[in-house]
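First to last, the protein sequences are chains U and Y.
Following our numbering, the residues of the first sequence are numbered contiguously, the last one being 135.
Following our numbering, the residues of the second sequence are numbered contiguously, the last one being 135.
Just so you know, even glycine gets a beta-carbon here, dropped at the ideal spot from N, CA and C.
Report on the structure given below.
There are 2 protein chains.
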Amino acid sequence: TEYEHLLNQSIAEYVIPSEHVAHVQPDNTLEHALLVLVKSGYTAIPVLNTSFELYGIISKAKILDATLGMERIEPERLDQFQVKDTMTTDFAVIHDSDTFERAISLSIDHPFICVKDSKNAFSGIVPRSKILARMNGYLHE
Amino acid sequence: TEYEHLLNQSIAEYVIPSEHVAHVQPDNTLEHALLVLVKSGYTAIPVLNTSFELYGIISKAKILDATLGMERIEPERLDQFQVKDTMTTDFAVIHDSDTFERAISLSIDHPFICVKDSKNAFSGIVPRSKILARMNGYLHE
Ligand SMILES: Nc1ncnc2c1ncn2[C@@H]1O[C@@H]2COP(=O)(O)O[C@H]3[C@@H](O)[C@H](n4cnc5c(N)ncnc54)O[C@@H]3COP(=O)(O)O[C@H]2[C@H]1O
Ligand SMILES: Nc1ncnc2c1ncn2[C@@H]1O[C@@H]2COP(=O)(O)O[C@H]3[C@@H](O)[C@H](n4cnc5c(N)ncnc54)O[C@@H]3COP(=O)(O)O[C@H]2[C@H]1O
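Below you can see the structure in the form of structure tokens.
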């Protein structure tokens, strides 16, 4: 189609690099994860171990769901649960060599896409806002 | 530009109509709002009164923030707070006669856009997923 140029573009310039992505580790407590989520202001963030292997996504919604089972939510009791027991493993992943076309179609159903490098380590995320900003710019060229 | 046809399209076909949009009322308790949010699975939903006037957006994040001030979060204490004291009034609004162009640019910074009809009543929302699905389809025509 006439949109080959946009669709075949590399996603590299739309990636928020890992050093700017709020994240937690699988063994962290839910109390710690809640603190990072509230401080960062994000509703969901990646779960990575120290060698940047991607384990899942933890969200305020998941932590909230975990606490609803308790009679009383005592923030200090959140330290009895670990991120790896509450996180979701249903998330979108693409490689840093993938095309913009792949990123658009994944972003339809995922608020952000995790990006891996050639060694399978986490290298950042592509959020929907970046895809939408690019599309908006493209349509006004 | 050559994209006039897409940009000038009406947003009508991308609107999730109000009867399918989970919402709460300004005078509802936070306990009730939390129940609706958890049951619906959405992170944020509109706040409407009985004549479908739009007041704001309530989210799990806002309810969580409101409870963090408490020493212990007792779900039944959430019934002492009302939605109107916790909701955010910073949200995106367009009219059902607006163009797709307007919807794209608002969706860059908002996960969903509230839609009003000619009498200024709430008529539904346009979520980012609908914008992205349309763009993805357009680029493959
Ligand atoms: N501090 C902030 N500054 C400016 N705008 C903000 C913001 N926090 C949220 N927003 C706006 O709200 C949208 C939804 O944020 P949310 O946290 O639910 O959902 C976010 C969050 O879960 C994740 N995310 C984005 N940036 C992140 C980062 N640096 N670290 C970790 N997660 C991130 O990707 C999702 C989609 O992000 P996206 O940018 O498309 O969409 C964002 C952005 O448009
Ligand atoms: N039950 C479900 N079935 C299928 N997919 C689901 C889903 N719940 C969430 N998702 C997916 O996750 C995205 C983020 O949902 P979230 O609840 O954070 O954020 C949602 C929510 O805050 C609001 N929203 C969407 N549909 C709604 C509805 N029927 N009533 C009230 N709010 C709605 O608009 C935001 C953006 O929605 P969007 O569709 O772009 O993006 C959704 C969708 O792609």
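Asked	Found
Cβ contact (3+ pairs, closer than 8 Å) linking the region 115 to 127 of chain U and the region 41 to 54 of chain Y	no
Contacting positions in the region 119 to 132 of chain U - beta carbon closer than 8 Å to chain Y	R122, S123, I125, L126, A127, M129, N130
U:Q76 (DSSP reduced to helix, strand or coil)	strand
Buried versus exposed, by CB contacts within 10 Å (16 or more), U:S53	buried
Proximity test, Y:D103 beta-carbon vs ligand 1 heavy atom, cut-off 7 Å	yes
Amino acids of chain Y, ordered along the chain, whose beta-carbon sits closer than 7 Å to that of U:A55	T37, K54
Y:V9 - DSSP class collapsed to helix/strand/coil	coil
Beta-carbon neighbours of Y:V32, restricted to chain U and to distances below 9 Å	A55, L58, D59, L62
Within 8 Å of chain U by C-beta, residues of the region 99 to 114 of chain Y in sequence order	S99, S101, I102, D103, P105
Buried versus exposed call for U:S101 [16 or more other C-beta atoms within 10 Å across all chains shown]	buried
Distance cut-off 7 Å: Y:F106 Cβ against heavy atoms of ligand 2	yes
Reduced DSSP secondary structure (H/G/I, E/B, other) of Y:T93	strand
Cα-Cα separation between U:L24 and Y:V32, rounded to whole angstroms	18 Å
heavy atom of ligand 1 below 7 Å from U:I10 C-beta	yes
Below-8 Å beta-carbon distance, Y:L0 vs any chain U residue	yes
Rounded straight-line distance, which links the Cα of U:L58 to that of Y:L29	11 Å
8 Å Cβ cutoff met for U:P20 and U:K110	no
Counted within 10 angstroms of its Cβ, other Cβ atoms place Y:S117 as buried (16 or more) or exposed	buried
Supposed contact pair Y:N114 and Y:Q76 - C-beta distance, whole angstroms, cut 8 Å	In fact, because the Cβ distance is near 24 Å, the residues do not count as touching under 8 Å.
Y:G118 - partner residues in DSSP beta bridges	Y:P11, Y:V109
Under 7 Å from the C-beta of U:Y(-3): neighbouring residues of chain Y	L133
Sub-8 Å separation of Y:N130 and U:S4 beta-carbons	no
U:A27 - containing beta strand (DSSP E), residue span	First-last for U:A27: 24 to 34, but that is the alpha helix (DSSP H), not the beta strand (DSSP E).
Extent of the continuous alpha helix (DSSP H) to which Y:H(-1) belongs	-2 to 1
Any non-hydrogen atom of ligand 2 closer than 7 Å to Y:S45 Cβ	no
Proximity below 8 Å, CB of Y:A16 to CB of Y:I39	yes
Close-in-space but distant-in-sequence residues of the same chain around U:S91 (CB under 8 Å, 5 per side omitted)	S4, S112
Y:T82 - partner residues in DSSP beta bridges	Y:I51
Under the three-state DSSP convention, the category U:S101 falls into	helix
U:L1 versus Y:E(-2) - alpha carbon distance	20 Å
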